[in-house]
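Chains as they are written, first to last, in the working numbering: chain A, 1 to 345; chain B, 1 to 606. We put the beta carbon where it would ideally sit given N, CA and C, even for glycine. These notes are about the structure you will find just below.
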Amino acid sequence: MSTGVSKINLNVTGLSREVYKGSATTLCAGCGHNSITNHLIKALYEYGVEPHRLAKMSGIGCSSKTPAYFVDQAHGFNGVHGRMPSAATGAKLANRDLLVLGISGDGDTASIGLGQYCHLIRRNLDMTYIVEDNGCYGLTKGQFSATADLGSVLKNGKVNEFETIDVCGLAIELGATFVARSFSGDGKQLVPLLQAAFAHSGTAVLDVISPCVTFNDHEGSTKSYAYVKEHDYVLHSADFILGRGEIEVEYEPGSVQDIELADGSHVMLRKLDRAYDATDRIGALRAVHEARGRGELVTGLLYVNPASEDLCERENVPRQPLKDFGEADLRIGRAEWAKLMESFA
Amino acid sequence: MATGEKIVNDLTIRAATVNGSGSQSSNLVLTHALFRLGIPVAPKNVFPSNIEGLPTWYDVRLSPQGYKCRSGAIDIVVALNAATWHDDVASVRPGGAIIHESAYPVSGATLRTDITYYAVPFGELAKKHVAQGSLRKYLVNMIYVGVLAELLGIPSEAIEAAVREQFRRKPSAVETNLAAVRVGVEYAQTHLEKRDPYCVEPMTGRTEGSILLDGNRAAALGCVMAGCTVLAWYPITPSTSLCESFISYCDRFRADPATGERKAAIVQAEDELAAIGMVLGAGWAGARAMTATSGPGLSLMAEYAGFGYYAELPGVIFDVQRAGPSTGLPTRTLQGDVAFAYTLSHGDTKHIVLLPATVEEAYEFGMDAFDLAERFQTPVFVLSDLDLGMNVWMAQPLAYPDRPFDRGKVLTAAELERVESWGRYADPDGDGIPYRTLPGTPSAKAGYFTRGSGHDEFARYSESAEVFARNLDRLARKHETARLAVPQPSIDESGRATAILAYGTTHHAVVEARDRLRAAGLEVDYLRVRALPFSPEVAAFVARHERVYVVDQNRDGQLYGLLRTDLPAADAARLQSIRHYNGVPIDAAVIAEPLLEAERSLATPA
Ligand SMILES: Cc1ncc(C[n+]2csc(CCOP(=O)(O)OP(=O)(O)O)c2C)c(N)n1
Ligand code: SF4
């Protein structure tokens, strides 16, 4: 180009990858959450999110701190423990133009925040909801969370006596319209899943196993790097294709599931498990249960309903952001007002 | 019984019925008919926490002076609940009357010699004259309207107009109800001999131009006119009708029939933790948002309320107070949340709290709350109560708003272009109020990180001791600024030594109490607090008086306590506390009697 500026490193929005970075992480070196942050930066950059349209929501925990570590220019909302879904709901209702991205932990979601998590899914608010799942409370120094697996062992030798809450299984049961599970160490799988989540209209849940190197990465833990690598049952590798362009990918018939998402993008699932259909809700539930029975983690896009209708659509919330309406739009007119007052006389 | 002077337009009528028996329509017909005659009415619904079966009472007070508080005495009881028959007989003031189902026994404790009994075979009359079985239980209530009309002399045209108004959406019901009224009238004409002193006569000059409206509906209209677009709520008595009214007004006035779109987002949240989260999320993103609740819900909102205060997010929370602690008496009234709401949340939190007393203020403060919330970037609490919210009051027609929304200090993309940098929590104007930006503002400079953890002027994470204290000091400065921005006290003063200080619905009892005190030879000044933080005028007023009686509708004298911490010690010493806390709306005697006694004991040293 005549200006001499190479466009090679700019995304569809014309922004460089730098723009998608945030302040330096203050988490432990090696923490799975840091890897997720890096995958998010890549996913957001490639997807071409306009930073001012991004609303980064989170609760409380090491995981919930991470929105400070990407897309500095975007607004962030680091709320209270377990209550991010409600704040995200308010923000989206106020302004439908926002791309709402929530980051939570397994304690934030499955312990203190279980109620809001369930009701968020039930309402199908259009947002991406990431559970950075390490099976423990990192920030309060390693207690079990409700996603800890039965029999998993803490560093101090304590054994978890309780059944796990599987946030994916629960989400599917609740009627979630997009449910995926992945691993912080598998960017190749996670990045396209994130992008598919952005493109989805409705609540997109991603349970990302994200080892806590400080409190839950030892022998006996079922959320350690080693355990996850060994027991990851990968359903498919995913490709995300942005926009409404023609899709020209060669594939052996039956080996790829091509799903068109709400914004016209596609997610292509290259099946490793040939029989798996990511639009089959009951099949998804079965896969989650069977994998748990085998002591495995099933990862990939577990379930998606591409025809999902989100809360704003169902509630007839105007396209124009509610925040932008003025007196003339919102007040009762003078003549109607006079009639109303007469009716009270 | 000897009938002395006639008592005209100055009585309280109580209908004692069973909850779920449909007496509400009859009570409203009676109220509206009296109101149409020009007689000031003040109804109070004393209802149980129950859908069907428990006792309920509806009192309508008539007074030539237009008093709006409870009178404290019942002149005529309509007894239609066998379960409360004993208590209802006992509740009639000496010289009063009781109209009762003739099947109820009048003997022993229920046989009083100082009241008039009017026995009416309501059940039989209904059986004989009301054909439809399912309607019978409702129409019994219309029969008592007829009996009352005949005994008190309410003209039939007034009753008829009120019936037509009551059933304007169901014209087919008008005739059946009027027929039932006539059954009562005719029975009274042929069987009852008037032996009590009470009667009503048309009046002029008191009700013309007035409306009858409940505080919750007025508050909902305030929210509509304030441009509230997000409502997140969880049902709880007595706040439910505020939300439901808001919803119905949005359906009626904000919906576009062509597209089905409605310029409001309404979510019935899973609980109050979520309701306030949604409100603050919406406020953060730039919409005017509100929730309404009562004590138990307010308790659940505590954590996010402190977040809103510290992260500086607008939101409006209506607390229609009921009698606590805990579930308490959920259908009775109290001003029990004042101290709690003012400092709701942990740490050094203090909020702006508005204290409406009237239907007009429920509406106006409903509007003001949104302006204040955005101007001060903070949650604003409107503390109404069950008495104001759920009872129907005589009021002036609500005035059309005369000013645009005040959206506060919000920087646009264009404004951001003109500045080098801006600090979300800086105080460039010295009033403690920072500038904010909204998500979605198309500028690379707009974004900031909202957090409940320590932050500096630029919204950066900070654990610095100096930064933390500096921020708390600025928030305190903002609170000081609010003292003059919130609704200022209303003052009626002419240099007397003694004064009453009250707030909220206590106002109506103060009005009557001052008349009674005047009649007893004691003139008192009066200040009504309309918001927290206290205006400087409150301190000045107290300093100008020797004794100030602070009236609270709660056991612990909550506003009295807040005043004592706010005022200089010398002025705090001038305060005395009068408290009322049984769940029944306060009446004038509760204020006038102890006040008079205290003042007299000062005048006559022992
Ligand atoms: C109401 C409340 N209770 C307790 C805490 C203390 N707390 C902070 S973080 C946390 C657990 C976070 O665990 P998780 O969500 O799994 O996040 P992680 O730190 O593991 O990423 C707890 C209990 C709090 N901040 N708020
Ligand atoms: S404590 Fe665990 S979760 Fe928290 S930052 Fe360290 S490694 Fe990550």
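With respect to 8 Å, is the separation between the Cβ of residue i and the closest non-hydrogen atom of ligand 2 below this value?
i	result
A/PHE215	yes
A/ASN38	no
B/ASN19	no
A/GLY30	yes
B/SER326	no
A/LEU27	yes
A/ASN134	yes
A/SER184	no
A/SER224	no
A/SER63	yes
Just mark residue i as buried or exposed, buried being the case when its beta carbon has 16 or more other beta carbons within 10 Å.
i	result
A/PHE162	exposed
A/ILE241	buried
B/ASP114	exposed
B/GLN626	Beyond the ends of chain B as shown, which are 1 and 606, falls residue 626 of chain B; an answer cannot be given.
A/ILE282	exposed
B/ASN50	exposed
A/GLU327	exposed
B/GLU360	buried
A/GLU342	exposed
B/ASP429	exposed
Should residue i be counted as a contact of ligand 1 given a C-beta to heavy atom distance under 8 Å?
i	result
A/VAL80	yes
A/HIS33	yes
A/ILE60	yes
A/ILE165	no
A/GLY326	no
A/CYS212	yes
B/GLY347	no
A/ASN160	no
A/GLY283	no
A/ASP207	no
A/GLY107	yes
B/GLU272	no
A/SER111	yes
With a threshold of 8 Å, establish whether the CB of residue i neighbours any heavy atom of ligand 4.
i	result
A/TYR137	Ligand 4 is absent from the structure shown, which contains only ligand 1 and ligand 2.
Span of the beta strand (DSSP E) holding residue i?
i	result
B/LEU567	No beta strand (DSSP E) contains B/LEU567, which DSSP labels as neither H nor E.
B/GLY95	92-101
A/GLU260	256-260
Residue i lies in the alpha helix (DSSP H); which residues open and close that run?
i	result
B/ASP515	506-519
A/VAL191	187-199
A/GLN116	114-123
B/VAL542	536-543
B/VAL77	From DSSP, B/VAL77 is part of no alpha helix (DSSP H) but of the beta strand (DSSP E) over 74-79.
B/HIS32	23-36
A/LYS56	Element bounds for A/LYS56: not the alpha helix (DSSP H) but the beta strand (DSSP E), 54-58.
A/ILE172	167-173
A/ILE41	32-47
A/LEU301	Careful: A/LEU301 lies outside any alpha helix (DSSP H), inside the beta strand (DSSP E) at 297-304.
Bridge partners for residue i per DSSP, in chain order?
i	result
B/ARG61	B/THR12 and B/ALA42
B/ASP214	B/VAL392
B/MET290	B/LEU231 and B/VAL316
A/LYS229	BP columns for A/LYS229 are empty, so no partner.
B/PHE381	B/ILE317 and B/VAL353
B/PRO55	B/VAL18
B/ASN490	The amino acid at residue 490 of chain B is misidentified as Asn; the sequence shows Ser. Bridge partners of B/SER490: B/ARG528.
A/LYS271	A/HIS236
A/GLU431	Lying before the first or after the last residue shown, residue 431 of chain A is absent from chain A, which here runs from 1 to 345.
A/MET127	A/THR203
Margin query: Within 8 Å, do at least three Cβ pairs link the region 53-61 of chain A to the region 78-87 of chain A?
Written below: yes
Next item on the list: Check whether the region 454-469 of chain B touches the region 277-286 of chain B, taking contact to mean three or more Cβ pairs, one atom from each stretch, closer than 8 Å.
Entry: no
Note to self: I'd like to know if the region 221-233 of chain A and the region 127-143 of chain A are in contact, where contact means that at least 3 CB-CB pairs between them fall below 8 Å.
What the structure shows: yes
Notebook entry, point to check: Counting Cβ pairs closer than 8 Å, one from the region 144-155 of chain B and one from the region 176-185 of chain B, do we hit at least three?
Noted result: yes
Next item on the list: Assess, as a yes-or-no matter, whether the region 360-378 of chain B is touched by the region 404-411 of chain B under the definition of 3 or more beta carbon pairs within less than 8 Å.
Entry: yes
Item checked: the region 260-269 of chain B in contact with the region 200-218 of chain B per 3-pair CB rule at 8 Å -> no
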